[in-house]
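To start, the structure itself, in structure tokens.
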Amino acid sequence: MAEMISPKDRMKREQVPMPEQNPDERNRNFKEVPLGYTREQAIYEAQRCLQCKNAKCVIGCPAEINIPQFIKKIVEEDFSAAYNEILKTDALPAITGRVCPQEEQCQKHCILEKQGKPISIGRLERFVADWARENNVHGKLPKIEKKEKSIGIVGSGPAGLTCAADLAKLGYEVTIFEALHLLGGVLVYGIPEFRLPKAIVKYEVEEIEKLGVKVIKDYVVGATKSVDVLARDFDALFLANGAGAPRFMNIPGENYNDVYSANEFLTRSNLMKAYAFPEYDTPIKIGKRAATIGAGNVAMDSARTALRLGAEKSYIIYRRSRKEVPARSEEVHHAEEEGIIFNFLTLPIKVLGDKNGNVIGMECKKMKLGETDESGRRRPIPIEGSEFTIEVDIVIDAIGTSANPILARSATGVETNKWGYFIADEKTGATTKEGIFSGGDIVRGSATVISAVGDGKVAARAIDKFLSSGKSLKIK
Ligand code: FAD
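Residue 475, in numbering that gives the first Met the number 0, is where the sequence shown stops; the numbers in between run on with no holes.
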């Protein structure tokens, strides 16, 4: 067992940095960028935790992990106990440990944040989950008393998977309906291999399936069967279909060949495995110069993917300044290190094409920042006469996504707001139709993995309460 050190010594220690692949090598391969803590590094970092009695970090975790307790188990070198502690509430620890914006969640509330060196909770979570997987240590399955009631879940992203795991642990019969041939939602088709290896998603999904969750793939609810018809077969439904419909800028030339939505571009690379060329021969045009419009996580993933797929220059085009960039700072930092070229205060106004309809460039305008707008950020204002042209071979629109209406159209009585997102109670996930619950991006708009996990947990609890009270969709 590692030595317990005094609170004074804990405060003196610096955060253990994450070992990473060298930027000049990694920008041409799809291997994971952060390499993960070693055993020694994890213990050293865990020893810094002050084990606060009234731990604030827990408040910042929608997955409700008992953070001080799992960290204490790392110090005790009982990694199996640490893993089981996390699994009590988070079924996707290797995933959340990698992609959660911890700096905005648990770590923001860490008492050491005031000194600018909060405990690296996400890195420790990742270490524990990776250790368990690599050492063939599985979660202790709870003794499940089977319940007669059944729940249908639409979508297998983090919201659907979490809700399924929590309900299966309570003994319910759970069936997930997934439109694609693989489970995981954005975790498999959106987030690239170099940030979230697909083998890890597969592993954690399979651990959830072991709880007895039934899965039906290649099944588009709303097309194969309506929500109304599905509701006759289940006691309750959880709609977690995400918000995957692409958005475009609606500027001239956007229908030229080689203008992609980020979703299409990333799906070709990740889900359809263009990144694994020559083993997979999925068509994806890159050319020499790629322009990605937007500056969120999706834009960073697209620009970094284009670079790895062979672009000589990969640009981010963003109409606001560096300060307003919405992507995680770690992702921006990684993108900069890898050589992504940022064009701030730049607005694309036209895509230019040749006579065959192929992209050859973009016309842009320079912007300046004005007063603060309703989003709390300074409004970008075009500078007249500042038009200029940039030569590019492909354009990737990464300006956000929206709700796909297929599911909502087939769900009578389940109301949506003006953007097509389901209206659901924040505390229960209950929609406007009794027995139907919803959560994740299809309620919040594009949000985060951890908020989807949190919504899945909230809905599972509410569904259990609904069914325990003797109610059911079937008898409505
Ligand atoms: P999704 O993950 O979108 O899953 C929905 C699932 O439902 C999909 O599998 C879909 O195929 C399925 N589905 C849809 N319609 C139907 C239907 N009609 N019938 C059956 N199945 C259906 N968040 C972070 O926290 N950190 C990050 O670093 C991060 N990076 C991101 C990078 C990219 C490229 C993208 C696109 C998003 C990123 N996000 C990130 C956001 C995060 O991934 C989402 O907020 C989260 O995945 C939402 O989870 P969800 O379960 O609501 O939906």
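Ideal Cβ positions, reconstructed from N, Cα and C, are used throughout, including at glycine. Owing to the predicted nature of the structure, the values given are computational and were not obtained by experimental measurement.
Beta carbon of residue i nearer than 8 Å to that of residue j
i      : j      : result
Met361 : Leu351 : yes
Ile435 : Ala239 : no
Arg377 : Leu344 : no
Ala289 : Asp396 : no
Leu140 : Ile73  : no
Pro251 : Lys349 : yes
Val153 : Leu406 : yes
Gly170 : Ile143 : yes
Ala90  : Arg132 : no
Tyr36  : Phe126 : yes
Ala310 : Lys287 : yes
Val442 : Thr431 : no
Pro22  : Leu49  : no
Gly243 : Asn262 : yes
Gly439 : Ala158 : yes
Ile462 : Ile150 : yes
Gly138 : Asn83  : yes
Arg47  : Ile118 : yes
Ala326 : Met366 : no
Asn342 : Ile315 : yes
Asn357 : Tyr255 : yes
Leu265 : Pro191 : yes
Residue i: CB within 7 Å of a non-hydrogen atom of the ligand FAD
i      : result
Ile405 : yes
Phe247 : no
Ala158 : yes
Asp396 : no
Leu265 : yes
Asn296 : yes
Ala446 : yes
Asn240 : yes
Val153 : yes
Pro33  : no
Glu425 : no
Val98  : yes
Ile449 : yes
Val220 : yes
Arg327 : yes
Asp165 : no
Gly243 : yes
Val185 : yes
Ile190 : yes
Leu179 : yes
Asp480 : Here the chain comprises residues numbered 0 to 475, so residue 480 is not present and cannot be evaluated.
Gly439 : yes
Asp300 : yes
Phe176 : yes
Buried versus exposed, by CB contacts within 10 Å (16 or more), residue i
i      : result
Thr447 : buried
Phe247 : exposed
His333 : buried
Ser301 : buried
Tyr188 : buried
Leu466 : buried
Leu195 : buried
Phe387 : exposed
Trp418 : exposed
Ala400 : Per the sequence presented here, residue 400 reads as Thr, with Ala not at that position. By the 10 Å Cβ count, Thr400 comes out buried.
Leu34  : exposed
Thr161 : buried
Met10  : exposed
Lys30  : exposed
Lys456 : buried
heavy atom of the ligand NAD below 7 Å from residue i C-beta
i      : result
Ala128 : Within the structure as shown, the ligand NAD is missing, the only ligands being the ligand FAD.
Minimum Cβ-Cβ distance from residue i to chain B less than 8 Å
i      : result
Ile339 : Although the question refers to chain B, the structure presented lacks it and comprises just one protein chain.
Every unbroken beta strand (DSSP E) within the region 195-223, with a cutoff of 3 residues, ordered by chain: 213-215
Segments of 4+ residues assigned as alpha helix (DSSP H) that fall wholly inside the region 228-281: 261-268
Continuous alpha helix (DSSP H) assignments of at least 4 residues falling wholly in the region 124-149: none
Ordered list of alpha helix (DSSP H) runs contained in the region 92-125, each at least 4 residues: 92-98, 105-108
Contiguous alpha helix (DSSP H) assignments of at least 4 residues, all confined to the region 406-443: 440-443
Any alpha helix (DSSP H) of 4 or more consecutive residues that is wholly inside the region 277-325: 296-307
Alpha helix (DSSP H) runs wholly inside the region 22-88, at least 4 long, in chain order: 22-25, 38-45, 66-74, 78-86
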